[in-house]
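Here is the structure we will look at, set down as structure tokens.
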Amino acid sequence: MRPTKLMITTYTNMLKAMSAWLSKGPNDDAILSARLAPDMFPLSTQIRFSCLQAFEGLAYLREDPMPPQWYTLLEEGRNASDAPGTLEEAQTRIVDTITMLTETEAGDVDDRSPHVIALKLPDGRIFDMTADEYVRDWAVPQFYFHVMAAYSILRSQGVPLGKADYVQHAFAYLRRSHPD
-15 MRPTKLMITT
-5 YTNMLKAMSA
5 WLSKGPNDDA
15 ILSARLAPDM
25 FPLSTQIRFS
35 CLQAFEGLAY
45 LREDPMPPQW
55 YTLLEEGRNA
65 SDAPGTLEEA
75 QTRIVDTITM
85 LTETEAGDVD
95 DRSPHVIALK
105 LPDGRIFDMT
115 ADEYVRDWAV
125 PQFYFHVMAA
135 YSILRSQGVP
145 LGKADYVQHA
155 FAYLRRSHPD
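Residues -15 to 164 in our numbering are what the sequence shown spells out, letter by letter.
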């Protein structure tokens, strides 16, 4: 599978799952301030940064500047301790990100000649990677870090989630075995 198609499919599946997890939890915006540890970002940041990863990944692959949504998500995520937002706003961020992903044509990015992505971190470090390396070694792992943190926070707050909720998209492939 081409790297962009892999990224779009993965992000879409997991963001839909995240939306469902939020729906299973209490209808109380206070859950957005929950954390796994005092030095970790709260749930609201994990949701925003999951969405941010989708915008960032496509911008790097397209060699485009970061879109305005990326800056909004970054700022909101960094300030989520003071302004966690609402569950409705979190769901809107997820829906907006899924919409952006589903409207993206993977071939528009993958059909370009290979280029090196210079991933610049705020501390001045720069990682040079091909598109395949970027998707495999940075974009998808960063996305899953925030998705798994969100899942773990929800579980720690008593939301009844299990592995089936985490990989709900895989049930499209379920086949029952027939007894002998």
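We put the beta carbon where it would ideally sit given N, CA and C, even for glycine.
Query                                                                                      : Result
Beta-carbon gap between Asn(-3) and His153 smaller than 8 Å                                : yes
Unbroken alpha helix (DSSP H) run spanning Thr(-7), endpoints                              : -13 to 8
Three-state secondary structure assigned by DSSP to Met113                                 : strand
Candidates Ala4, Leu(-1), Lys0, Met(-9): closest to Val143 by CA position                  : Ala4
Per DSSP, the bridge partner or partners of Ile15                                          : In DSSP, Ile15 forms no bridge with anything.
Between the CA atoms of Thr56 and Glu40 - distance to the nearest angstrom                 : 12 Å
Cβ-based burial, Tyr157 [other Cβ within 10 Å; buried from 16]                             : exposed
Nearest candidate by alpha-carbon position, reference Val124, set Leu27, Ala38, Ala21      : Ala38
Local conformation of Val151 per DSSP, three classes                                       : coil
Given Pro68 as reference, the closest of Tyr118, Pro26, Asp116 once Cα atoms are compared  : Pro26
Own chain residues within Cβ distance below 8 Å of Met2, not counting five before or after : Ile31, Ser34, Ile78, Val131, Ala134, Tyr135
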